[in-house]
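2 is the number of the first residue of the sequence shown in my numbering; add one for each residue after it.
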Amino acid sequence: MKEAEHHPTAITKEQTQRPCGIYQDLVVNTRKEMKHVKDSKRGTEGKVINLQTNHYQVTCGCEIAYKYNIDYQPDIEDFNIRTSLLLRHESILGKFHIFDGNSLLLPQRLQHLEMELVSQTKGDEKVRIRIRLSSELHPNHPDWLRYYNILFGKMLKQKKLEELDSNPGDLRDITVMLQGTSMDIQRSYNASILPYERSLTLCADVTHRLHQTKTVLDILREKSEVPNEEVSKELVGSIVYTLYNNKTYRIDDISWDKHPDDTFKKSDGSMISFKDYYWEVVCVLPDNRKQRYEEIKTFLCVENPVPSQCVVASTLNHEKNLTTVVTKIAQQMNCKMGGALWKVDTRMEKTMFIGIDCFHDIVNRQKSVAAFVASTKEDLTMWHSQCLFQDTAQEIVGDLRSCLQAALDSWVANEKREPQSVVVYRDGVGDGQLQALLVNEVRQFQKFFTSRVKLTFIVVKKRINTRFFYDNGEEVTNPPSGTVVDQVVTRDEWYDFYIVSQTSNSGTVTPTHYNVIYDTKGLTPNQVQCLTYRLCHMYYNLPGIIRVPAPCHYAHRLAYFVGKSIRQKPASALSDYLYYL
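As structure tokens, this is what we get:
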């Protein structure tokens, strides 16, 4: 249908019914059921510091807005044409409005509860537009917030701020300066408005990334005449990006005194060199071809179950950093076979920790994979895992009983008694799914453990745009690792908080948001915050701190591995091994 021409004709229809009432906030209030945080959800331990954030208070002079439903006869699918047809009647609707294609938000009430406008297209086709009052919205209403976000999205587009713009105009001078080098600038933005404890806030986030292709090996070659200690000072703590798997790693140490020919004692008492050991549970691949890797992993995880480690041959060809590579491989092999690399005191006795996450194949539209990972020893050195296949894009896990029973059996086999409490970290769930999570997954835990085991259920959210900045009086930096934020930008309806667990020498660290939606254990803010931060140290694939608690990240790795590589249920013989790291 062609763009409409302006033919405003108003046909009014008075109705006797009253307009719809004001809707209540649709946010699920999970805090009200937890009496131990009824009065306060704020921690008291540690040192208090002042932080700045990228949240900006939003106020509006309009105390009430009016939402109108818009219908077209005949129906029109194109958003731009729908908008053009409607806004030709600005003289009736007013100059100020927000339209999302189906509903219209106005700062003033129209003369009639229901009215009909007529527009005519360039093809002389008449289109009737029915406008009907739907509701009156106060500033904290979820629909009001949605319209706010629509408005800001349009403003950003008008400013030509495109997402993932690698060469933004305001960085043109820097971009020119980098021409001829192996570096580039990438920028992305996001803006959202939500209600928090004290007011509505606009969260605005702009991220810049500076990429370079200079490798650690290049640095080692350049500094071949420099003492090892000086090279270590430069490299340790750096973040490196690996092209073969598109991941980043932090360099924690360099072992200059180790060599592939050095030997160590195996569990059976025999001695073997690192080189020979890797040659024997390691698969050296000629390249990083995805199909070959998937075929090997499918065979070793399904048909002939055994923990395995794959490494690309080119990774082993650099003699100068070979020690670092083989040390990392040795650590992975150790934990995949059930060994413990380190321990952390969680201050929680007789407690099982569980992580749950889902993988959705948005490319091939295959079945979703739900991953369940549970600690089976009190010191968190052994883990049990299960995978469930669900309908495409299904997030809520429908059948957890078999996973819970298998994890409990493994715990009892190791500890000779049942756990007294269970702490669940659930990743991948949006704010709009909290009610479904309570009704389905939390209820499954309740039925399985009944009242004999205390249950704490925590939702983990990594994909957030909130940032925090620490002003130490001399400069603005990232907050220190372990910083907790549990006020101002949290919700009154939730027992929630943020933790900045990682450190970064460049760029801005991203905090992780935690929301305790169910808790019969009665964990205080100090307990749940400290516990969560300590669990960020227990991920065996990185000798450092990660963004989320270890059980949560184990579940993420398992779901991704099964969904992307083997696409079928792993053999049960591997359930008690971290074979997916």
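Built from N, CA and C at the ideal position, the CB exists for glycine as well.
Subject >> Extent of the continuous alpha helix (DSSP H) run through residue 291 >> reply: 291-299
Original post:
Going by Cα to Cα distance, which pick from 226, 148, 41 is closest to residue 61?
Top reply: 148
Original post:
Since residue 384 is in the alpha helix (DSSP H), which residue starts that stretch and which ends it?
Top reply: Run containing residue 384: none in the alpha helix (DSSP H); it sits in the beta strand (DSSP E), 384-391.
Original post:
Taking the DSSP output, what are the residues bridged to residue 354?
Top reply: 424
**OP:** State the Cα-Cα distance for the pair residue 390 and residue 501, rounded to the nearest angstrom.
**Re:** About 33 Å.
Original post:
Relative to the alpha-carbon of residue 361, which residue among 426, 312, 562, 293 has its alpha-carbon at the smallest distance?
Top reply: 562
Original post:
Thinking C-alpha only, which one of 339, 367, 491, 260 is nearest residue 198?
Top reply: In terms of CA proximity to residue 198, 491 leads the group 339, 367, 491, 260.
**OP:** Check residue 524 in the structure and name its three-state DSSP category.
**Re:** Look at residue 524 here: in three-state DSSP terms it is coil, with no helix or strand label.
**OP:** List the whole-angstrom C-beta distance separating residue 342 from residue 311, where the pair is believed to meet the contact cut-off of C-beta under 8 Å.
**Re:** Rounded, the Cβ-Cβ distance is 20 Å, inconsistent with contact.
Subject >> Element boundaries [beta strand (DSSP E), containing residue 336] >> reply: No beta strand (DSSP E) holds residue 336; the alpha helix (DSSP H) holding it covers 323-337.
**OP:** Would you check if there are 3 or more beta carbon pairs closer than 8 Å linking the stretch 505-524 to the stretch 56-75?
**Re:** Contact between the stretch 505-524 and the stretch 56-75 is absent, because fewer than three Cβ pairs lie under 8 Å.
Subject >> Contacting residues, own chain, Cβ-Cβ under 8 Å from residue 174 (five flanking each side not counted) >> reply: Only weak support is given to the placement of residue 174: the predicted model assigns it a pLDDT of 48, under 50, and the question is left unresolved by the model.
**OP:** Spell out whether any CB of chain D is found under 8 Å from the CB atom of residue 37.
**Re:** The structure shown contains no chain D; it is built from a single protein chain.
Original post:
Going straight from the alpha carbon of residue 8 to that of residue 121, what length do you get?
Top reply: In this prediction, residue 8 has a pLDDT of 37, which is less than 50 and means its spatial position is unreliable; nothing more can be read from the coordinates.
Subject >> Residues sharing a beta bridge with residue 251, DSSP >> reply: 240
Original post:
Around the C-beta of residue 477, are 16 or more other C-beta atoms found within 10 angstroms, so that it is buried, or is it exposed?
Top reply: exposed
Original post:
Exposed or buried, residue 516, counting other C-beta atoms within 10 Å across all chains shown (16 or more means buried)?
Top reply: buried
Original post:
When you compare only the Cα positions, how much space is there between residue 222 and residue 365?
Top reply: 43 Å
Original post:
Could you give the distance in angstroms between the alpha-carbon of residue 427 and the alpha-carbon of residue 298?
Top reply: 27 Å
Subject >> For residue 376, the residue or residues it bridges with in DSSP >> reply: 384
**OP:** Kindly give me the distance between the Cβ atoms of residue 514 and residue 499, rounded to whole angstroms, as I take these residues to be in contact under 8 Å.
**Re:** Their Cβ separation, rounded to whole angstroms, is 5 Å, which keeps residue 514 and residue 499 in contact under 8 Å.
Original post:
Using 8 Å as the threshold, is the stretch 427-442 in touch with the stretch 471-487, meaning 3 or more CB pairs across them?
Top reply: no
Subject >> residue 273 - DSSP class collapsed to helix/strand/coil >> reply: strand
Original post:
Excluding sequence positions up to five away, which residues of its chain have a Cβ less than 6 Å from the Cβ of residue 259?
Top reply: 324
Original post:
With C-beta atoms as the reference, is residue 541 less than 8 Å away from residue 554?
Top reply: For the pair residue 541 and residue 554, the CB atoms are not nearer than the 8 Å cut-off.
Original post:
Starting from residue 419 and walking both ways along the beta strand (DSSP E), at which residues does that stretch end?
Top reply: Segment: none, residue 419 is in no beta strand (DSSP E) and carries neither H nor E.
**OP:** Classify residue 115 as helix, strand or coil using the three-state DSSP reduction.
**Re:** strand
Subject >> C-alpha distance - residue 125 paired with residue 108, whole-angstrom precision >> reply: 32 Å
Original post:
Can you tell me the Cα-Cα spacing of residue 251 and residue 133, whole angstroms?
Top reply: 58 Å
**OP:** Round the Cβ separation of residue 582 and residue 387 to the nearest angstrom and send it over; I've been treating them as touching at under 8 Å.
**Re:** Incorrect: roughly 16 Å between the Cβ atoms, too far for contact.
**OP:** Measure the CB-CB distance between residue 315 and residue 284 and report whether it falls below 8 Å.
**Re:** no
Subject >> With 16 other Cβ atoms within 10 Å as the buried cut-off, status of residue 240 >> reply: exposed
Original post:
For residue 580, does the three-state DSSP call read helix, strand or coil?
Top reply: coil
Subject >> Per DSSP, cross-strand counterpart(s) of residue 58 >> reply: 202
Original post:
CA-CA distance, residue 44 and residue 525?
Top reply: 8 Å
Original post:
So what does residue 359 bridge to, in DSSP terms?
Top reply: 371
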